[in-house]
Amino acid sequence: MTTNPPSRGRRRAPSRIQRAAGKAAALQKPRVILAGLLLLALTSVMLLDGYLRAEVGGDQRVRTGAGTSKVPDDILEGGPILTFRGGRATTVSVPDKTIALTFDDGPTPTWTPEVLEILEKYDVPATFFLVGSMISRYPDIVKDMVAQGNEVGIHTFTHVDLSYQSDARVDREMEQTQLALAGAAGITTTLFRAPYSSRTDAIDNYSWPVYQRLGEDGYTSVFVDTDSDDWKRPGVSDIIKWATPEDGEGASVLFHDAGGERSQTIAALPTYIEKMKAAGYTFTTISGVTQEENAAARETSGQQDDGTVPGGVGADGGAGSRLQAAHREATGLTLYEGKALVAAVAVAEWTVPTLSVGLAVVGVAVMGRFGMMLILARRHHRKRNKRRFSWGPDVTRPVSVIVPAYNEKECIANTLESLARSTHPIEIIIVDDGSTDGTSEISREAAEALGMTNVRVIRQENAGKPAALNNGVRNARCDIVVMMDGDTVFEPDTVRQLVQPFAEPKVGAVAGNAKVGNRDTIIGAWQHIEYVMGFNLDRRMYDLLRCMPTIPGAIGAFRRDAVLEVGGMSEDTLAEDTDITIAMHRAGWNVVYQEHARAWTEAPGSLKQLWSQRYRWSYGTMQALWKHRKSLTDKGPSGRFGRVGMPLVVLFQIVTPVFAPLIDVFTAYSMIFIDLKAALLAWFAVLCVQLVCAAYAFRLDREKYRYLLMMPLQQLAYRQMMYLVLIHSCITALTGGRLRWQKLKRTGEVGTPAGAS
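Under the working numbering, the sequence shown is numbered contiguously, ending at residue 1955.
Okay, here's the thing in structure tokens:
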């Protein structure tokens, strides 16, 4: 055993690497916050979209059969326009031979433009009672509607029966619709029609207080005299007949430009207008009716008509030429809040369908991955475990085992003890990367206690794991080098199994079977499931496809010449194991998986340490893929990995996990707002598919199935953390942040291979 003496002298100032690491650590918290904000934004967009579609906060109740004892008789028997001027409820009737044409439930991009085209053709104005959520979704239609000279009123934001709602909900329905109008057309309105309302004689004891309250706020409530019942789709002739007033009476007439299939309405409308005009009828808006009533009242009282309308808007000229009497120009905060609402809805309208497509793609990708894993893993297992299978002549020559170590006092003795029992001849090179906890001394003492004469301890200034590995490769005396972590223990037969594939000359590197040793905690059990299913099952698939992306740092073997050929372990990325594996592929070497070479590693024991480790892995993988992006256009082995392996890694390790939260978000959304039973069934169906894959992976690795009991909880908690880690990594990549090799706190509890025979 030899030892390189440590350097001595004054305490060094922090190196450039250490300063960079400190800076990166300082930037981590904002990026974590940003990752959380992205998920919050996604949830908010979905809730907004659900609110617009009445999935969130929707109320389909419609009151029927209520009494009318509290409603004044003159209101029940009055005209269709209800006002509260001077605090007194009065009704206004439509004059004879006059039609106030009204439309409910719009706008909609399918039918409203056709209605507007017909009205413009016949020079007929109408009053549209609009649903706020529809206004915010289709603002351009509302803008055209107002510009054409039509009048608009409020039909609530989510089309709910207000008689069931609290005062706060009523206010919210009205205010949000006004904001939508402000954002869409730059106006507000004083007209209101309640959903599910009809004639004034349908006002009951529950709805009357609502009308009174809105009247006090300055709203005019509008009912109907004649209902076309076009929503029933009875046929064009019946729509025209039911919409025609009797005996030349005036009427507020109801049609619909949304709420269902309206082709019969579109077909009936031109004929109806022509029929009414032929019968001597004129068409006006609701404001037109009230203006005539006001003029008549002034004439009766002897007042002079000054040509103005309520609110100070002129009847002609200036702003009055484009605003109906019921309209008010939106200004100030109302206008800006309205535009913000319309913009937010536009984002939701674009985002949610896109996310839905993304969800479908993710679902297909996830199921496709499971299918590929099961099929290819089975083929791999059957191929490698045939009695006649052989890599070639047994590899019996000694190999070098390189152990990079930084402050591994808790684990290094166990690592050496496991290597002392190796059935294959080895030399052991421990590269102490500037440890401050006596790792070198502990290694030397452990080797002496075990009687190991094949151990060398090399000390170097702290330079990171890649530098430590490269130092070990340069000092290796054998043509095959095995690399392992300082917190890992090998089974006696691990090295022998790991190096057998090198009997095939084209094999440049071998990935071993890394297992979690500290699996008796919840976090350890979750990682155990992930290692067996997510890593080892994947490696079987990649092995058959000849595009293994990563040789685990805990257990991997390389031809020494191949490592030197590709430039050694690179410090360009945080995932030096992925980096060199891809480099091996590009250099034309085969990289294979040896399932029988098992190593037991100590997984992170806390969520904080787990986050740190997976963050480094995820970010490092992205760096490695970006570094080797030219393989996409290369020829030969490099091009093969670029066009086969790289897309699979990007799809399965980056894209799918990034978008996988959609499954959980949409599932939670569906459970809360749509159909709890159906959503639960879908979630359990996906869980069952995952359990099948995991169970098969456990069977191949001969693991105990009892750990799979933790899988449902893993899906609810552990997986969400991995999503946040990956999003965090993506943000770091996009913002150009950098990290360095990070040391995790170890306990040394993996002393002997758990579950090993």
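Every residue, glycine too, gets a C-beta built ideally from N, C-alpha and C.
### Query
What are the start and end residues of the alpha helix (DSSP H) that includes Arg1796?
Unbroken run through Arg1796 is the beta strand (DSSP E), Asn1788 to Thr1799; no alpha helix (DSSP H).
### Message
In whole angstroms, give me the CA-to-CA distance for Leu1735 and Leu1379.
### Response
56 Å
### Task
Within the same chain, show all residues whose beta-carbon is closer than 7 Å to that of Leu1236, passing over the 5 residues directly before and after it, in chain order.
Ile1925
### Message
Quick check on His1525: does DSSP put it in helix, strand or coil?
### Response
strand
### Query
Residues bridged to Asp1425 by DSSP?
Leu1452
### Task
Note down the Cα distance separating Thr1686 from Ile1610, rounded to an integer number of angstroms.
8 Å
### Task
Decide if Pro1750 is buried, meaning its Cβ has at least 16 other Cβ atoms within 10 Å, or exposed.
Pro1750 should be labelled buried.
### Query
Between which two residues does the alpha helix (DSSP H) containing Ile1727 stretch?
Counting along the chain, the unbroken alpha helix (DSSP H) around Ile1727 starts and ends at Ile1720 to Ile1727.
### Task
Within 10 angstroms of the Cβ of Val1890, are there 16 or more other Cβ atoms? Answer buried if so, exposed if not.
exposed
### Message
Restricting to Cα atoms, I'd like to know which of Tyr1921, Ala1801, Ile1852 and Ala1524 is closest to Thr1281.
### Response
Ala1524
### Message
Pairs of beta-carbons, one from the segment 1460-1468 and one from the segment 1309-1321, closer than 8 Å: are there three or more?
### Response
yes
### Task
Just list the beta strand (DSSP E) runs in the segment 1528-1610, keeping only unbroken ones of 3 residues or longer that don't cross its boundaries, in chain order.
1597-1603
#### Entry: Collapsed DSSP secondary structure at Arg1259 in the structure displayed
coil
### Query
Taking C-beta to C-beta, are Tyr1813 and Ala1709 nearer than 8 Å?
no
### Query
Helix, strand or coil: which one does DSSP assign to Thr1488?
helix
### Query
Which term fits Leu1553, buried or exposed, when burial requires 16 or more other beta carbons within 10 angstroms of its beta carbon?
Of the other Cβ atoms in all chains shown, 16 or more fall within 10 Å of the Cβ of Leu1553; this residue is therefore buried.
### Message
Looking only at its chain, what residues have a beta carbon closer than 6 Å to the beta carbon of Ser1829, apart from the 5 residues adjacent to it on each side?
### Response
Contacts found: Arg1784, Ser1836, Phe1839 and Gly1840.
### Task
Alpha carbon to alpha carbon, how far is Ala1645 from Arg1744? Give it in angstroms, no decimals.
Straight-line Cα distance between these residues: approximately 39 Å.
### Task
Determine the direct distance from the alpha carbon of Val1559 to that of Pro1596, and round the result to whole angstroms.
49 Å
### Task
Leaving aside the five residues before and after Leu1742 along the sequence, list all residues of the same chain whose C-beta is less than 7 Å from its C-beta, in chain order.
Leu1574, Arg1577 and His1578
### Query
By Cβ distance below 8 Å, which residues in the same chain neighbour Ile1678 in space, the five residues on each side in sequence not counted?
Val1593, Arg1595, Val1597, Ser1598, Val1697, Phe1700, Ala1755, Phe1756, Arg1757 and Arg1758
### Task
For Thr1200, collect the residues of the same chain with a Cβ closer than 6 Å to its Cβ; drop the 5 residues on either side in sequence, then sort them by chain order.
With a pLDDT of 46 at Thr1200, under the threshold of 50, the modelled position of this residue cannot be trusted, and the question is left open.
### Task
List the endpoints of the continuous beta strand (DSSP E) containing Val1350.
Glu1349 to Ile1352
### Query
Using DSSP with H/G/I as helix, E/B as strand and the rest coil, what is Leu1280?
strand
### Task
Please name the residue in Trp1309, Ala1538 and Met1571 whose C-alpha comes closest to that of Ala1892.
Met1571
### Query
Going by beta carbon distance, what residues of the same chain come within less than 7 Å of Lys1295, once the five residues before and after it are set aside?
Gly1446, Gly1448, Gly1478, Tyr1479 and Thr1480
### Message
I'd like to check one pair, Ala1665 with Met1972: are the Cβ atoms closer than 8 Å?
### Response
Outside the modelled stretch of the chain, which goes from 1199 to 1955, sits residue 1972, for which no answer is possible.
### Query
Quick one, are the C-beta atoms of Asp1455 and Gly1304 less than 8 Å apart?
yes
### Task
Under 6 Å Cβ to Cβ from Glu1535, same chain only, skipping five residues before and after it: list those, please.
Leu1377
### Query
If you count every other CB in all the chains shown that lies within 10 Å of the CB of Glu1275, and 16 or more means buried, which is it?
Only exposed fits Glu1275, as fewer than 16 other CB atoms lie within 10 angstroms of its CB.
### Message
Do Pro1278 and Val1269 count as a contact pair if the criterion is CB distance below 8 Å?
### Response
Not closer than 8 Å, so no.
### Message
Taking 8 Å as the limit between beta carbons, can you name the residues of its chain near Gly1556, skipping five residues before and five after?
### Response
Phe1857 and Leu1860
### Query
Gly1458 by DSSP, collapsed to three states: which one?
coil
### Query
In three-state DSSP terms, what is Ala1324?
Of the three classes helix, strand and coil, the one that applies to Ala1324 here is coil, per DSSP.
### Message
I need the DSSP call for Arg1286, collapsed to helix, strand or coil.
### Response
Taken through DSSP and simplified to helix, strand or coil, Arg1286 comes out as coil.
### Task
Measure the alpha-carbon distance for Phe1733 versus Leu1250 and round it to whole angstroms.
42 Å
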